[in-house]
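In my numbering, each residue carries its 1-based index in the sequence shown increased by 44. A virtual CB, placed ideally from N, CA and C, is assigned to each residue, including glycine. Being a predicted model, the structure only gives us computed values, none of them experimental. As structure tokens, the structure follows; a few thoughts come after it.
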Amino acid sequence: CQEWLTHLDFVMHADAKPKRSKRRRSSSFSEKLMNDFTNDDFDREHFGFGAYIEFWKCGYKNSAKPKYDTLKQELCKNSIASIAESDYYELYRECTQLMRERKHRIVAHDIGVNNKRFHIRKGSPITINHLISLKLMTDFTDVQTEFKATCRKQHAHETIAQLVKRNSECAHVCRYIKEACTFYGQLLKKSSKLKLYTGLKKKLWFSSMKQHFECPISTTMEF
Numbered sequence: 045c046q047e048w049l050t051h052l053d054f055v056m057h058a059d060a061k062p063k064r065s066k067r068r069r070s071s072s073f074s075e076k077l078m079n080d081f082t083n084d085d086f087d088r089e090h091f092g093f094g095a096y097i098e099f100w101k102c103g104y105k106n107s108a109k110p111k112y113d114t115l116k117q118e119l120c121k122n123s124i125a126s127i128a129e130s131d132y133y134e135l136y137r138e139c140t141q142l143m144r145e146r147k148h149r150i151v152a153h154d155i156g157v158n159n160k161r162f163h164i165r166k167g168s169p170i171t172i173n174h175l176i177s178l179k180l181m182t183d184f185t186d187v188q189t190e191f192k193a194t195c196r197k198q199h200a201h202e203t204i205a206q207l208v209k210r211n212s213e214c215a216h217v218c219r220y221i222k223e224a225c226t227f228y229g230q231l232l233k234k235s236s237k238l239k240l241y242t243g244l245k246k247k248l249w250f251s252s253m254k255q256h257f258e259c260p261i262s263t264t265m266e267f
């Protein structure tokens with residue numbers, strides 16, 4: 045599941061065509077690329093991959109319960125980086141139009157046992173909330189930067205309970221992003237000639253030879 049998430053996250057961001065609206069993109073894309081892995085308050089020598097958060101099962105230490113009942117409430121009322129209701133309705137309008145044009149082409153893949161675990165059947169169409177969450181990540185630079193930070197520890201001594209509590213402010217978005225990449229994205233094959241780049245401002249520091257990205261990653265095809 046995590047391998048799908050890693051590769052599909054690259055594809056979803058690379059194919060997106062972000063709007064140039066100043067209202068939505070107050071920071072440059074290059075700045076966006078440089079803020080995916082670490083916080084300035086964290087150990088300066090470490091590269092952070094994020095922490096795994098459980099959105100589908102309750103009762104675990106890393107289980108995240110959304111603070112808000114709906115995606116709309118979460119986007120407009122969260123304390124991390126909220127958007128105006130007018131922006132939400134514009135996102136909804138654009139994604140509704142996209143669903144009308146491509147709904148029959150965006151259906152869930154068969155990911156084995158994970159279809160049952162995530163409650164997403166093979167062949168089921170993508171939902172409006174999945175599309176809104178994806179478009180939020182490509183169009184609202186400052187918002188997505190803050191949301192991605194909730195998937196990482198703020199400092200070396202932060203507990204998983206503290207991280208999960210912060211993440212509850214945007215748990216709906218995080219869940220929909222992961223589901224969208226895992227079940228509705230396209231796998232980037234090893235034979236593909238497509239090259240994707242992301243930015244690093246700190247040294248790589250791996251705690252294991254096998255790593256998984258537990259937060260969305262911004263990429264570009266330009267170097």
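Taking only the alpha-carbon atoms, compute the straight-line gap between residue i and residue j and give it to the nearest angstrom.
i    : j    : result
R165 : N122 : 30 Å
T264 : Y241 : 5 Å
Q188 : R196 : 13 Å
P169 : H199 : 39 Å
L175 : F191 : 16 Å
I124 : K116 : 14 Å
Y104 : K234 : 35 Å
F267 : K239 : 9 Å
H90  : H201 : Legend: pLDDT at H90 = 48, less than 50; position of this residue unreliable, value from coordinates given subsequently. Between H90 and H201, the C-alpha separation is close to 14 Å.
Q206 : N159 : 29 Å
A215 : D113 : 11 Å
T185 : I172 : 20 Å
E134 : K109 : 27 Å
I221 : M181 : 9 Å
Three-state secondary structure (DSSP) at residue i?
i    : result
F267 : coil
S212 : helix
E202 : coil
V157 : coil
Y112 : coil
I130 : Just to set this straight, residue 130 is Ser in the shown sequence, not Ile. Three-state DSSP puts S130 in a helix.
Y228 : helix
S177 : helix
Y307 : Since the displayed the chain opens at 45 and closes at 267, residue 307 lies outside it and no answer follows.
I221 : helix
A193 : helix
K121 : helix
For residue i, is the classification buried or exposed, using 16 other Cβ atoms within 10 angstroms of its Cβ as the cut-off for buried?
i    : result
T203 : exposed
V217 : buried
R268 : Because the chain in this structure spans residues 45 to 267, residue 268 falls outside the shown range and cannot be described.
V208 : buried
S177 : buried
K179 : buried
Please name the residue in the options whose C-alpha comes closest to that of residue i.
i    : options                : result
R161 : E266, E223, Q230       : E223
L231 : C214, H153, E213       : H153
N106 : V151, K237, R210, S126 : R210
I'd like to know if residue i contacts chain C, where contact means its C-beta is closer than 8 Å to some C-beta of that chain.
i    : result
L240 : No chain C appears in the structure shown, which is made up of a single protein chain.
Strictly by DSSP, which residues pair up with residue i?
i    : result
Y96  : The partner list for Y96 (beta bridge, DSSP) is empty, contrary to what the question assumes.
V151 : P169
Y241 : T264
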